[in-house]
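In the working numbering, the protein residues as written are 563 to 740.
All C-beta atoms in this analysis are idealised placements derived from N, C-alpha and C, irrespective of residue type, glycine included.
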């Protein structure tokens with residue numbers, strides 16, 4: 563079963579309540595309807611749809627929930643996800659970066675000094691060593707990372723990864739690829 567199919571079966575409120583009632587132990591249509599807070603006819607329609615969809619099975623006249631379709635959906639989703647490109651070749655640094663950077667954006671600033679340094683070094687790598695950038699260009703580059711580009715710029719300066727004078731900024735620290 564695909565993840566979309568599983569979600570689609572449970573997207574309608576009556577079916578979701580009926581499925582929840584079965585998961586919580588109700589097995590007969592009358593007790594399922596009672597626990598789901600719906601009438602028996604609505605419960606029966608939902609039970610038929612969930613049974614045809616493979617989320618419920620009928621065992622000795624009682625409905626039972628089956629976790630197998632969800633396990634299959636998770637396996638299918640994992641198999642079809644594109645491979646993750648690491649943010650850093652070092653697995654430890656990559657894990658730290660992934661905790662704070664998603665889809666090329668800084669989701670929040672690390673509190674721990676060592677983690678903050680790793681994230682800032684990753685960001686400053688976007689600045690070319692030896693190039694002087696006007697403040698406006700620095701702001702544009704940093705705004706691509708976060709709306710709070712002023713705090714980010716201040717952190718880069720405070721950690722001596724960027725330096726400034728006369729309205730210009732330049733990279734003054736961090737690792738450089740050769």
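The beta-bridge partner set that DSSP reports for residue 696 consists of 730. For residue 669, the three-state secondary structure derived from DSSP is coil. Distances from the CA of residue 618 to each of 722, 724, 727, 568 were compared; the closest alpha carbon is that of 568.
With a cutoff of 9 Å on beta-carbon distance, residue 686 and residue 735 are scored as near each other. For residue 612, the enclosing alpha helix (DSSP H) begins and ends at 602 to 615. Ranking 589, 653, 598 by CA distance to the CA of residue 623 puts 589 first.
Bridge partners of residue 621 according to DSSP: 624.
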